[in-house]
Structure formats: C-alpha cells, structure tokens
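J.:
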Amino acid sequence: MDMLPEPAASTSHGRTFGGNRAFHNFFNDFSHIQDPNLRRRLALSEIDKVPFGAYHVRAVLVAGIGFFLDSYDIFAINMITTLLGVVFWNGPPEKAVNGYGGNYGTLPTPVSQTLKASTSAGIVIGQVLFGWLADVFGRRRMYGVELAIIVVATFGCTLVAPSQAMSFTGLMAFWRVIMGVGIGGDYPLSSVITSEFAPTRWRGAMMSAVFSMQGIGQLVAALVALIVTASFKDAYHGAINVGSCDVVCQTAADRSWRLIVGAGALPACFALYYRITIPETPRYTFEVARDVEKADADIKAYMASKAEGDVDEVKQARMKKVASPALNTPTASWPDLYNYFKQWKNTKMLIGTTMSWFFLDLAFYGLGLNNTIVLHAIGYATGDTLYEQLLNNAIGTIILTVAGSLPGYWMAIFTIDTIGRKPLQIFGFVALTIIFSILGFYYQHLNQGAMLAFYVIAQFFFNWGPNTTTFIVPAECFPTRYRSSGHGVSAAMGKIGAIIAQVISLPLLSKNSPVDCKGSQCSPWLDKLMQIFALFMLCGTFVSFLIPETKGLTLEELAGEQPTSYNAGRNGFFYPLNKGTARNPRVGIMTSPEIAAQQQAHDYHSRRAGSRSHGSKWSRHRGGSGDTAGGYEMSSTSSTTGIVPPSGTAAREDGDTSGAHGGLLPGWGAGWGRIDRGGHPTSIENINLQDVGHLLR
3 MDMLPEPAAS TSHGRTFGGN RAFHNFFNDF SHIQDPNLRR RLALSEIDKV
53 PFGAYHVRAV LVAGIGFFLD SYDIFAINMI TTLLGVVFWN GPPEKAVNGY
103 GGNYGTLPTP VSQTLKASTS AGIVIGQVLF GWLADVFGRR RMYGVELAII
153 VVATFGCTLV APSQAMSFTG LMAFWRVIMG VGIGGDYPLS SVITSEFAPT
203 RWRGAMMSAV FSMQGIGQLV AALVALIVTA SFKDAYHGAI NVGSCDVVCQ
253 TAADRSWRLI VGAGALPACF ALYYRITIPE TPRYTFEVAR DVEKADADIK
303 AYMASKAEGD VDEVKQARMK KVASPALNTP TASWPDLYNY FKQWKNTKML
353 IGTTMSWFFL DLAFYGLGLN NTIVLHAIGY ATGDTLYEQL LNNAIGTIIL
403 TVAGSLPGYW MAIFTIDTIG RKPLQIFGFV ALTIIFSILG FYYQHLNQGA
453 MLAFYVIAQF FFNWGPNTTT FIVPAECFPT RYRSSGHGVS AAMGKIGAII
503 AQVISLPLLS KNSPVDCKGS QCSPWLDKLM QIFALFMLCG TFVSFLIPET
553 KGLTLEELAG EQPTSYNAGR NGFFYPLNKG TARNPRVGIM TSPEIAAQQQ
603 AHDYHSRRAG SRSHGSKWSR HRGGSGDTAG GYEMSSTSST TGIVPPSGTA
653 AREDGDTSGA HGGLLPGWGA GWGRIDRGGH PTSIENINLQ DVGHLLR
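Pasting the structure below:
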C-alpha cells in the first residue's frame, strides 16, 4: 500500500506571515502530494479559510460590472418609454409613415409590453444556455462572451430606426432579445464564479456585493436620464405634453433616448479585458476538468491577480492520467443527473430555488419595469410640461433607488453571513406580503406621501430579502458539476415570472384610464395589482421553506461531502476555548495586516512548541522505520493513498483519542501560511484524512 510522501524540503523554511503573501506558500506545500483527493481537499480548504484580500475585491468588481450593465439595460427602458412615444408615435393615426406617428405621442401598450418582455425572453434563453455551457466547457471560457454580446446589442439598440421594410418595434425587440441572452448568461456565470472563489466566511457578502451592482445600475440609469434631460431643456421648452412636441422637441427626444441607452455600454468595454483574463475556478478544474496540477496553478494565479497559472505540461499530463480515475468526485452525465435529482432532498431544493425566484420576479419586475407608471399614479412623475414630466420621472426613480433599493442591498451585504440566507428570504417575503396588502386594501385611504413611503419600504425589503437571496442560494447549494446549470434554471424561472408580470401589469395599470388623466386617475386598478402581488409574496414565503440554509458551510459540504479535520473551523463563526486558555482573538476582514501577521506567527510558533513538548503523546513512534513515513501512523486513508501503522505496533483503536490537548487529535493547520479561525475541536469521529497537516510539518 502506498505511503504518504515526505514533505518537501523547503516547506519548513522561509514561511512568511505578512499580508496576503502569507497565503501563497501553500501551493508549494501541496505540490508534492500525489493523492489527488487529498490534494484537492487541502487546496480547497485553503480557499475557504483565506482572509479577505485584494484578489477578492477584484473578483467582486469584475463580476459586478456585468451586473451594473445588466441592470442599467433592463431598467433604462423606464427612462425612455416616454421619449420613444414622442419620437415614433407622435401625431394622429392617419399621419403615420414608416412606423412614425399614430398614437398622439404615447407608446402603445402592446409595444411597451413587447419591448419589456423581449428582454426577459432573451434572459431566459441566456440563463439556461450559458448555465449549461459553463458546466460543460468551463466558467472562464464563457465569461466575457456574454458581456461582449451585451455590449454589441446595446450599441445595436442605439442605432435602431424604422424603415419601409422593418418597423421600429421589430428591430428594437430583436436587439433586446439578443441583449437579454447576454444578460441571462451573466447571472449563472457571475454568481458561480464568485461563490467558487470566495472564502466561506465572506461568501454571502461577496455575492451580495456583486448583486448590489444592480442597484448602482438603476441609479446611474436615472442619473444619466436626468443629465440628458437637463441638457436638452431648451428643446423641450414649449411642449406642454407628449402630444404637442414639435420637430425640435422630437429631435431632442430622439437623441436623448439613444444617449441614455448607449451610455451604459461604456464601462463594460473596460471590464471585458478583466473578464477574459480571470483564471478558471479551481473547483471546476478539480472536479469537472479533473486537472489537479492546473487547479493548483490557477489558485496561485488568482491570488496573484494573474490571468492563468503556469504549469509543467509533463507533470500535468502525468498527474491528470493518474488523478482522473482516482478522484472521488462524480462526473456529470445524464444518469448521474437523474440519480441526483431523484433524491427528494435535491428535488425539493430545486423546487425551492426556482419557485421562490418565480414568485419574487412576478412582483419585482411587474413594478420595477413600470416604475414610471407607478410614480405617475402616486403623483411623483407628473408635471405641467413635458420637460417637468421627464425630469420628475428621473428624480422619482433616484429617490426610490437611494432611499429604498441601495440601503436594502447594503444591509444584505452586512447581515447575510450573520442572519443567514433562509431567514432573510422568509422574513423579506413576509414583510412584502404585509406591505402590498396595505397598499392593495387601503389604497383609497392613503395619501401620496404614505404611498411613496410604503413603495420605498417595499424596495428596501425586496433587496434586503428575496431579491438578493434568490440570487445567492442556487450558486451555493448545487454540486460543482451542476452548479451553473442549477443556477441558470432557477434564474430562468424567475424571468418567466417577469414575462408573465408584464402580461398582467401593463393591462391592469392602464385599464379604464381616461386619455387626459392625471395622478391616480391614470391607474385606477393599481390597488388590485397590489393585492395580486401580495398573494404572490405569500406564495413565495411558503416555497422558501424548501431551500437549504447555506450560511457557514463549504461548497463541498453543501454538495454532500463530509467535513474533515483540515477544514474544521472553516467558516470563522466558531472560536472554541481550550482548557486553561483564553478565547483566541478573532481575525477577520477588518483586521489590519500587522495584527493578522502577529496572530498567525504566534499561532505557528506556539503550535510548534506544543508539538515538540508533547511529541511523545502523538501517534509518532520514535523507533519507527523510515518505511513508515517517519514513524507516523494513520487510522484512516483516502481512497487512493493508504497509510499503514508502523511495523511492530498495533493499530490505534477507534475509541482511543488520547494525546495532547485533552485527548483531541492535533489540528492540521499550524505553519501553513494562513490564519486558523478556530472551529469545532478535531476528534476521531470527524476525520476522513487524519491529521494530514501535522504529518507534513
């Protein structure tokens, strides 16, 4: 039976304790390990425990810029619907020429439905397609492709103009479907890449930070609309309403909507480079590509903010040949997919992630894509002139975003790793049920200020609740081989809800409204719509009980793998007390590099001293022969590397856990160039690959 190899000669020298560089050493420490299962678990354990660093900020920014553009493009339609009506549907129906004119300056309801639903339809396609492609071909290979599609489609939208052969509606819907495909691809890719690179302790916060860029996108879209509207103030002068806009006014409106739509693509052009240079996620390389050497190199490249890790091709080929059949991780296949989801716990999880997202988006996009109509109905997007209407629409959207949406996103970032995903989602759905019930059943008794306040609070609980958690949970709960596909299917169900929301919302919001209406007269059925949304939120509450709680668990544990001695304490929430000692100080994201380095150095030297003073109590036999890996014995093995007791000694009984620290087996992490955050004491019951770290010191 093969023996565990001796540690590399350099691993006991030259360790560093300062800043993020301290976490670059373990690549060399792991490179000599031949067992691929052991090497995989050790490397992934380090990713889960590494403190928050600059490379994590880079990952959040690279993923977040895509969500900024996604949100900007989705919600910019609110800013341009009035302008599109002024440009393409001005005048009476009999004056319509090549798609121009025909509705007195108002965008027809069927056209508005088509433009808004077309984006969601493309998103559904992109989420399912790119989710599957990322699981088959890799995250990195697809990352950047979807952003390029968005950029091209965005510029295509800005150049749309009707002709005798093609109407404006057809051209615009085509480009928005293409744009939606790119936006849809960004959902599973950004979420999965962030989750697979993030340490367990900060995974929820990092994913929330990526998703919070959706709020920034909404805000910037409104700010751009405000600036563009103010720039063309003189051109809008004299237009009392959308039907009285002259040629100069129409020209200004035509330029305005193209500038508003096109401006969102500019930041994405700079983000394209960083997306195509991000390394493949180590979890995908380990578990799907089954390339151990490449995964190690990519981890190192990621930590060093490089595009791709350098690997010895000969060693890579040799290790891949050995590791591929030896790795314990299942491979993706149709039979494996069937066996995975035929288990009720996994099917229940998929139902929970898909249906909770579906019910959420029915209300979120039913209101979000019609903010202009809702603001007008409650009196905050009206005006005596066209200029005032456009200006107030932008200002009202800014108020909603700054007062409601952004605080909700930020609260989610700071609390999701403390409260947890499931409680936050259930509480958010309950709060939204109450708010929409009040708006629906007491609509006639509320003044404009009260309605705006409740609407702002609803935006807050959307984002400090299910809008954030439905994005996070699917990227955590599925195994690596199906993680991107599972997220894509869950997100696609949400966008199907968004499409249905447009079919329901727009007809109800405009039903029985007079031609020259003002304020609440324009949406007499708004209260009925709020009642329907309250029912959807109640349904979302019930299905949320089907999702798992993912807080504080590694992705491997969520996929069903058992915890081991070397990933105990992986999440930073547990700080056990040793007998006769004080609680270890917490080292987290806000800890300065100097204090972190001091704490790490202290832990390292104290453990080294402890192992020497209690050496006779460990499972090392002084008289052991060199053929027994330095006299160490292990009572458990991996599937590919077996360790036998030293010759002349009896194997340790399962119940015998005597040794240092009150009968507990030694922790593995001393001197590995990382901060050990503590954890449940290591015992014989939770060890699969026993005290590996102690052997490699």
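The numbering of the sequence shown is our numbering, which starts it at 3 and goes up by one. Just so you know, even glycine gets a beta-carbon here, dropped at the ideal spot from N, CA and C.
At 4 residues or longer, what runs of the alpha helix (DSSP H) sit wholly inside the segment 56 to 116?
T.: Whole alpha helix (DSSP H) segments, 4+ residues: 56 to 90.
J.: Just to check my reading of the structure: A493 and R485 have Cβ atoms closer than 8 Å, yes? What is that Cβ distance to the nearest angstrom?
T.: Stepping through the sequence shown from its first residue, residue 493 is reached at position 491. Stepping through the sequence shown from its first residue, residue 485 is reached at position 483. No, A493 and R485 are not in contact; Cβ-Cβ is about 12 Å, not under 8 Å.
J.: Could you have a look at E563 and say whether DSSP puts it in helix, strand or coil?
T.: What you label residue 563 is simply residue 561 of the sequence shown in a count that begins at 1. Residue state, collapsed to three classes: coil.
J.: Is N105 buried or exposed, if buried means 16 or more other CB atoms sit within 10 Å of its CB?
T.: In the sequence shown, counting from the first residue as 1, residue 105 sits at position 103. Under this definition N105 is a buried residue.
J.: Whole angstroms is fine: what's the gap from N449's alpha carbon to V138's?
T.: The residue you call residue 449 lines up with position 447 of the sequence shown. The residue you call residue 138 lines up with position 136 of the sequence shown. So the two alpha carbons sit approximately 54 Å from each other.
J.: Distance check for S210 and N569, CA to CA, integer angstroms please.
T.: Start at 1 with the first residue of the sequence shown, and residue 569 comes out as number 567. Start at 1 with the first residue of the sequence shown, and residue 210 comes out as number 208. Because the pLDDT of N569 is 49, which lies under 50, any placement of that residue in the model is unreliable, and the number read from its coordinates should be weighed accordingly. In a straight line, the C-alpha of N569 is about 24 Å away from that of S210.
J.: Using only CA atoms, which one of S165, S120, V130 and L560 lies nearest to W177?
T.: Locating residue 177 in the sequence shown gives position 175, counting from the first residue. Among S165, S120, V130 and L560, the Cα nearest to that of W177 is on S120.
J.: With DSSP collapsed to three states, give me the class of E282.
T.: Here residue 282 is taken as the residue at index 280 of the sequence shown, counted from 1. Looking at E282 - three-state DSSP - the assignment turns out to be coil, as it is neither helix nor strand.
J.: For the segment 263 to 274 against the segment 151 to 166, are there 3 or more C-beta pairs whose distance is under 8 Å?
T.: The segment 263 to 274, when compared against the segment 151 to 166, does touch it at the 8 Å Cβ threshold.
J.: Compute the Euclidean distance between the alpha carbons of P468 and V244, then round it to the nearest angstrom.
T.: Stepping through the sequence shown from its first residue, residue 468 is reached at position 466. Stepping through the sequence shown from its first residue, residue 244 is reached at position 242. One C-alpha to the other measures close to 37 Å.
J.: Might you give, ordered along the chain, the residues of its own chain that have their beta carbon closer than 6 Å to the beta carbon of R483, omitting 5 neighbours on each side?
T.: Numbered from 1 along the sequence shown, position 481 holds the residue referred to as residue 483. If we look at R483 and ignore the five residues flanking it on each side, its Cβ neighbours are V290 and A334.
J.: My guess is that T472 and L362 are in contact by the Cβ rule of under 8 Å, so how many angstroms apart are they, rounded?
T.: What you label residue 472 is simply residue 470 of the sequence shown in a count that begins at 1. What you label residue 362 is simply residue 360 of the sequence shown in a count that begins at 1. Right, the Cβ-Cβ distance comes to about 6 Å (below 8 Å), so this counts as a contact.
J.: Counting C-beta neighbours from all protein chains within 10 Å, is the total for S73 16 or more, i.e. buried, or is it exposed?
T.: Counting from 1 along the sequence shown, the entry for residue 73 is found at position 71. S73 comes out buried.
J.: Give me the Cα-Cα distance between V475 and T417, rounded to the nearest whole angstrom.
T.: Counting from one through the sequence shown, the residue named residue 475 turns up at place 473. Counting from one through the sequence shown, the residue named residue 417 turns up at place 415. One C-alpha to the other measures close to 15 Å.
J.: Would M174 pass as a contact of L117 if the rule is Cβ separation under 8 Å?
T.: Within the sequence shown, the letter at position 172 stands for residue 174. Within the sequence shown, the letter at position 115 stands for residue 117. Against a cut-off of 8 Å, the Cβ pair of L117 and M174 comes out as a contact.
J.: In chain order, what residues of the same chain have a beta carbon less than 7 Å from the beta carbon of F132, not counting five sequence neighbours either side?
T.: Position 130 of the sequence shown, counting from 1, holds the residue named residue 132. Contacts found: M144, E148, G186, G187, P190, L191 and G490.
J.: Would DSSP call Y382 helix, strand or coil?
T.: Start at 1 with the first residue of the sequence shown, and residue 382 comes out as number 380. It is coil, neither helix nor strand.
J.: Taking the Cβ atom as the reference point for each residue, do F69 and V179 lie within a distance shorter than 8 Å?
T.: The residue labelled residue 69 in the question sits at position 67 within the sequence shown. The residue labelled residue 179 in the question sits at position 177 within the sequence shown. No, these two residues do not count as a Cβ contact at 8 Å.
J.: Report all residues from its chain with a CB closer than 6 Å to the CB of T331; omit the five preceding and five following residues, and keep chain order.
T.: In the sequence shown, counting from the first residue as 1, residue 331 sits at position 329. Answer for T331: E289, listed in chain order.
J.: Under 6 Å Cβ to Cβ from P481, same chain only, skipping five residues before and after it: list those, please.
T.: Looking up residue 481 in the sequence shown gives position 479. Excluding sequence neighbours, P481 sits near A561.
J.: Among residues of its own chain, excluding the 5 on either side of G368, which ones have a beta-carbon nearer than 7 Å to its beta-carbon?
T.: By 1-based counting over the sequence shown, the position of residue 368 is 366. So the qualifying residues of the chain are A503, I506, S507 and F535.
J.: If you reduce the DSSP assignment to three classes, tell me which class N465 lands in.
T.: Along the sequence shown, read from residue 1 onward, the residue named residue 465 stands at position 463. Reduced to three states, the DSSP call for N465 is helix.
J.: Can you check whether the CB of S407 is closer than 8 Å to the CB of N341?
T.: On the sequence shown, residue 341 is found 339 positions in, with the first residue counted as 1. On the sequence shown, residue 407 is found 405 positions in, with the first residue counted as 1. Contact flag unset, no.
J.: Under a Cβ-count criterion, where at least 16 other Cβ atoms within 10 Å of its own Cβ denotes burial, should F170 be classed as buried or exposed?
T.: Along the sequence shown, read from residue 1 onward, the residue named residue 170 stands at position 168. Flag for F170 reads buried.
J.: Less than 8 Å between the C-beta atoms of A500 and S122, yes or no?
T.: Looking up residue 500 in the sequence shown gives position 498. Looking up residue 122 in the sequence shown gives position 120. Taking 8 Å as the Cβ cut-off, A500 and S122 qualify as a contacting pair.
J.: For M592, I'd like the list of residues in its chain whose CB is within less than 8 Å of its CB, leaving aside the five on either flank, ordered along the chain.
T.: The residue labelled residue 592 in the question sits at position 590 within the sequence shown. With a pLDDT of 42 at M592, under the threshold of 50, the modelled position of that residue is not reliable, and the figure given next carries that caveat. Nothing meets the Cβ criterion.
J.: Please state whether the Cβ-Cβ distance between D419 and K235 is less than 8 Å.
T.: The residue labelled residue 419 in the question sits at position 417 within the sequence shown. The residue labelled residue 235 in the question sits at position 233 within the sequence shown. No. Outside cutoff.
J.: How many angstroms separate the CA atom of L392 from the CA atom of P425?
T.: Indexing the sequence shown from 1 puts residue 392 at position 390. Indexing the sequence shown from 1 puts residue 425 at position 423. One C-alpha to the other measures close to 40 Å.
J.: Taking only the alpha-carbon atoms, compute the straight-line gap between I255 and V88 and give it to the nearest angstrom.
T.: The residue you call residue 255 lines up with position 253 of the sequence shown. The residue you call residue 88 lines up with position 86 of the sequence shown. The question names Ile, yet the displayed sequence has Ala at residue 255. Cα to Cα, A255 sits roughly 7 Å from V88.
J.: Exposed or buried, what is V249 when buried is set at 16 or more other beta-carbons lying within 10 Å of its beta-carbon?
T.: Numbered from its first residue, the sequence shown carries residue 249 at position 247. Burial call: exposed.
J.: Quick check: the Cα distance between M215 and M532, rounded to an integer number of angstroms?
T.: Within the sequence shown, residue 215 is the residue found at index 213, counting from 1. Within the sequence shown, residue 532 is the residue found at index 530, counting from 1. Using only the alpha carbons, I get a separation of about 27 Å.
J.: Figure out for me which residue from F199, F157, H239 and I440 has the closest Cα to the Cα of L261.
T.: Here residue 261 corresponds to residue number 259 of the sequence shown, with the count starting at 1. When only C-alpha atoms are compared, the closest one is F157.
J.: Output needed for I218: all residues of its chain with C-beta closer than 7 Å, excluding positions within five of it in sequence on either side, in chain order.
T.: Position 216 of the sequence shown, counting from 1, holds the residue named residue 218. The answer, listed in chain order, is F70.
J.: When the Cα atoms are used, what is the spatial distance from G385 to D529?
T.: Along the sequence shown, one-based indexing puts residue 385 at 383. Along the sequence shown, one-based indexing puts residue 529 at 527. So the two alpha carbons sit approximately 23 Å from each other.
J.: Between the C-alpha atoms of A396 and L228, what's the straight-line distance to the nearest angstrom?
T.: Start at 1 with the first residue of the sequence shown, and residue 396 comes out as number 394. Start at 1 with the first residue of the sequence shown, and residue 228 comes out as number 226. Roughly 6 Å between the two C-alpha positions.
J.: In its own chain, which residues sit with a C-beta less than 6 Å from the C-beta of C159, not counting the 5 before and 5 after it?
T.: Residue numbering aside, residue 159 sits at position 157 when the sequence shown is read from its first letter. For C159, where only same-chain residues beyond five positions count, the Cβ hits under 6 Å are W177 and V263.
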